[in-house]
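Everything in the sequence shown is counted per the working numbering, starting at 146 for the first residue and increasing by one.
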Amino acid sequence: MHTNQAHEIVRVRQGRSEQLQRHTVSEYPLRLRVNDRELATLVCSPHQLNFLLFGFFRLQGFIESLDDISSFEVCDKYGLADVHLKGELPERLQPTLTSGCGTGIAYNLPTQLLGKNRQRPRNYNTRALLQLMNELNDLTEHYRSHGGIHSAAIGDSDGTLILHAEDIGRHNTFDRVAGEALVRKIDLHDKMLVTSGRVSTEMVAKAAKLGVGLVASRTSPTDKAVELCEQAGITLVGYVRGKNMDIYAHPEQLNVTGTGDRISGVTGVILAGGESRRMGSNKSLLPLAGARFIDQVYRRMAGLFDEVIIVTNTPDLYKEIPCRKVPDIYYAQGALAGLHSGLAHAKCEKIFVVACDMPFISAAVVKEICAHADQGDLVIPFSSNGHEPLHALYSKSCLPAMEEVLDAGLKRIITFFEKVKQVELPASKIRQYDPEEKSFKNINTPEDYFRLRATVVATEQPQLQLKQGNN
C-alpha cells in the first residue's frame, strides 16, 4: 500500500497534546477509458489496479473472462486506464453513484442481479466465520495504523482465507477480490466474504453476482442490504467482534459452533412427518416470529448437536434447511415410525428427538436429559401433563423393540417402553431449568397456534421497547 509523506499532527489524549508524524493513505483518482470512451473516474488506492479493474468489469457485466479484453494499459503518471474490450459497451450508460467511500460506480441495479443469482442453500458455521474474520483483522495493518482503509477477504466454508484486498473504498475491495479471482481462476460460489466496512445494497449485488453465500462485516448492514440478502439467499452477518455477531438474513444457513455448548455423541432428530389433521395445514410451515416453525426448531437443534436430521416424506418442503432429510422406513405409521427412522439413520448411537411444532427448546433442559444418556436405553422427561416422548433421548438399543411393535401394526410410541430400560426425569427436575414448561408447548389446532403466537408477541415486546429506548 502506497502512502503519502508523513504529516505533522498534534495528538490530544486526556487533555494533553504532543506533536508527532503520521502517514496517511493515498487517494488515487483513476480515469477509466473503455473502447475510446470516457467511462468513469474511480477513486481508489493506487496498488494492483489490474485486479481492481478486472473485478469492476466483471461485476458490471462487461466481461466474463480475461479473454474478453483485447488490450489493457494503465498510466500511473496521468492516472489513466485505457482498455479495449472485444464486446461493445451499451450506447447509453447511466452511472449510479453508490453509497461506498470514494463514490463507487455501478451500472447495474442490485435488483437486476438477484433473480439469476439465488443459490441453493449453503451450510456454514460460526467457528469458521470467526476464524476468517480474525485472519482478515491480522492482515489489515494499514486499517489500524492509518485509518481510512477498508479490507475484504474471501474464504472457504472451513474458514481458510483464499483472497485478501485493501482499498480506501469498501466497494473497491469487492472489485479487487473479484478481479484477482478471475485472474487466478478461483470459483467464488458458496464462499464466505468478510469485510471491515458497512454492507450496502451494491455490495450485496456484487456478492450475489459472484455466487457468494455469506457476507459478514465488523459493522452494520443497511436496511436495504438486509432485504436484498433475504431475496438472494445470502446469509448476512453484522458486528462480528470477538465471539459475538448479529445475523440479519438467512440464519438457518449458519450453525452456531465453537462455544463449547454442543452435546457430543448425540444426533438431533426433528420429526416433520405429522399429518396435521386437526390443524388443517402443515404445522411445520406455519410462521412464528419471522420464520417457520421448523426453521425455529432447526436453529436451536443445530446449536446443540453436530448432526441434525429431519424425518420427512416430503423433503422438498425443507430443501433450504442445510441438513439430511430421511423418510420413514415404516411408511405412514405415525410418530413412532418417524422416531424409528431417525434412530436408524443417525450416525450417533443416541438421538434427542423433538417434534417440529415445539419451538421453545431449552438448551438447559436438553442438556439435562442428555446427561443421563448412559443410564438407560430411553431417557424421558415428565411435565405436569405426564411423560413427553417427543422431547426425549433414545438409544439404538431401542430399535428391536420399536420394530417389534411396528410389525404388529401398533403406532403409539409408549407401546415399546416396557421392553427397554427407562430413565424417568420428574417434572420437578425439569422445572428447575424451565419453570413454565415451555419446552413442551406444541400446537395441534388453530386455537393452539394463535395462543402460541400471542405468547411469543408478549415475550418479545419488552425487548423491542428496550431497543427503542436505547436508540
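Think of the CB as a built atom: it goes at the ideal place given N, C-alpha and C, for glycine as much as any other residue.
Select from the options the residue whose C-alpha is nearest the C-alpha of residue i.
| i | options | result |
| --- | --- | --- |
| arginine 315 | Arg363, Ala477 and Ala226 | Arg363 |
| isoleucine 379 | Asp391, Gly358, Asn279 and Tyr393 | Gly358 |
| valine 511 | Cys374, Arg469, Gly413 and Asp335 | Gly413 |
| isoleucine 558 | Met278, His192 and Leu481 | Leu481 |
| lysine 336 | Asp552, Val322 and Val568 | Val322 |
| asparagine 458 | Val442, Phe450, Tyr476 and Gly448 | Tyr476 |
| serine 507 | Met547, Ala447, Ala546 and Gly483 | Ala447 |
| lysine 574 | Ala352, Glu592, Asp227 and His517 | His517 |
| leucine 177 | Val219, Ile208, Arg203 and Phe196 | Val219 |
| alanine 572 | Leu430, Tyr539, His532 and Leu555 | His532 |
| glutamate 233 | Thr560, Pro545 and Gly206 | Gly206 |
| serine 365 | Ala353, Leu431, Leu355 and Arg386 | Arg386 |
| arginine 408 | Phe450, Leu430 and Leu281 | Note that residue 408 corresponds to isoleucine in the displayed sequence, not to arginine. When only C-alpha atoms are compared, the closest one is Phe450. |
| isoleucine 208 | His485, Gln520 and Lys354 | Lys354 |
| glycine 203 | Pro534, Met503 and Asp320 | According to the sequence provided, residue 203 is arginine. The question's glycine does not apply to it. For arginine 203, the nearest C-alpha among the options comes from Asp320. |
| serine 540 | Gly487, Ala326, Val228 and Asp332 | Gly487 |
| lysine 351 | Ser302, Phe201 and Asp283 | Phe201 |
| histidine 309 | Gln193, Lys556, Leu555 and His229 | Gln193 |
| aspartate 502 | Glu563, Leu430 and Lys556 | Leu430 |
| aspartate 227 | Arg182, Ser210 and Pro191 | Arg182 |
| serine 190 | Leu277, Ile313 and Asp519 | Ile313 |
| arginine 267 | Ile439, Ala509, Asp579 and Pro396 | Pro396 |
When the Cα atoms are used, what is the spatial distance from residue i to residue j?
| i | j | result |
| --- | --- | --- |
| proline 472 | isoleucine 466 | 16 Å |
| leucine 275 | glutamate 452 | 21 Å |
| lysine 464 | glutamine 398 | 12 Å |
| valine 602 | tyrosine 393 | Unreliable placement is indicated for valine 602, whose pLDDT of 41 sits below 50; the coordinate value is still reported in the next sentence. If I take the Cα positions, the gap works out to 19 Å. |
| glycine 224 | proline 174 | 6 Å |
| glutamate 123 | glutamine 376 | With the chain covering 146 to 616 only, the question about residue 123 has no answer from this structure. |
| isoleucine 294 | leucine 187 | 16 Å |
| cysteine 374 | lysine 330 | 26 Å |
| alanine 297 | arginine 343 | 11 Å |
| arginine 437 | aspartate 461 | 15 Å |
| methionine 390 | glutamate 581 | 29 Å |
| phenylalanine 585 | valine 550 | 25 Å |
| cysteine 543 | aspartate 522 | 6 Å |
| isoleucine 454 | arginine 469 | 5 Å |
| leucine 381 | valine 442 | 20 Å |
| glycine 311 | threonine 318 | The question names glycine, but residue 311 is glutamate in the sequence shown. Cα to Cα, glutamate 311 sits roughly 6 Å from threonine 318. |
| leucine 242 | leucine 184 | Residue confidence for leucine 242 is low, a pLDDT of 35 falling below 50, so the modelled location carries little weight and cannot support an answer. |
| glycine 249 | asparagine 279 | Note that glycine 249 has pLDDT 48, beneath the 50 cutoff, so the model's placement of it is unreliable and no number is given. |
| leucine 416 | lysine 583 | 18 Å |
| leucine 281 | alanine 326 | 17 Å |
| glutamine 215 | proline 504 | Here residue 215 is serine; the residue named in the question, glutamine, does not match the sequence. So the alpha carbons of these two residues sit roughly 58 Å apart. |
| methionine 547 | phenylalanine 561 | 6 Å |
| proline 240 | lysine 222 | Confidence at proline 240 is low in this model, with a pLDDT of 45, below 50, so the placement of that residue is unreliable and no value is reported for it. |
| serine 529 | arginine 576 | 10 Å |
| glutamate 372 | histidine 229 | 36 Å |
| glycine 383 | serine 341 | 10 Å |
| arginine 272 | aspartate 332 | 23 Å |
| arginine 423 | serine 345 | Low confidence applies here, because arginine 423 scores a pLDDT of 48, under 50, leaving its location unreliable and the question unanswered by this model. |
| proline 534 | proline 526 | 8 Å |
| lysine 388 | glutamate 563 | 46 Å |
| glutamate 592 | lysine 556 | 26 Å |
| aspartate 283 | serine 302 | 19 Å |
If we call anything under 8 Å between Cβ atoms a contact, is residue i one with residue j?
| i | j | result |
| --- | --- | --- |
| asparagine 587 | alanine 500 | yes |
| isoleucine 496 | leucine 570 | no |
| glycine 104 | phenylalanine 199 | For the chain, the structure presents residues 146 to 616; residue 104 sits outside this window and is missing. |
| cysteine 493 | valine 565 | no |
| isoleucine 474 | alanine 489 | yes |
| asparagine 400 | asparagine 270 | yes |
| valine 360 | phenylalanine 196 | no |
| alanine 553 | valine 498 | no |
| glycine 356 | histidine 334 | yes |
| proline 339 | alanine 370 | Per the sequence presented here, residue 339 reads as valine, with proline not at that position. Against a cut-off of 8 Å, the Cβ pair of alanine 370 and valine 339 comes out as no contact. |
| valine 456 | glycine 479 | no |
Which residue or residues does DSSP assign as beta-bridge partners of residue i?
| i | result |
| --- | --- |
| arginine 176 | Thr186 and Leu225 |
| tyrosine 269 | Leu399 |
| isoleucine 454 | Val414 and Arg469 |
| aspartate 391 | Gly383 |
| methionine 337 | Gly300 and Leu359 |
| glycine 531 | Ser528 |
| alanine 500 | Leu416 |
| tyrosine 539 | Ile496 and Leu523 |
| valine 682 | Residue 682 lies beyond the residue range present for the chain, which begins at 146 and ends at 616; the question has no answer from this structure. |
| serine 210 | The partner list for serine 210 (beta bridge, DSSP) is empty, contrary to what the question assumes. |
| glutamate 218 | Asp227 |
| isoleucine 408 | Phe450 |
Relative to the ligand ATP, is the shortest distance from any of its heavy atoms to the C-beta of residue i smaller than 7 Å?
| i | result |
| --- | --- |
| isoleucine 558 | In the structure on display, the ligand ATP does not appear, and there are no ligands present to speak of. |
If we define contact as Cβ-Cβ less than 8 Å, is residue i a contact residue for chain B?
| i | result |
| --- | --- |
| asparagine 458 | Structure shown: chain B not included; a single protein chain is present. |
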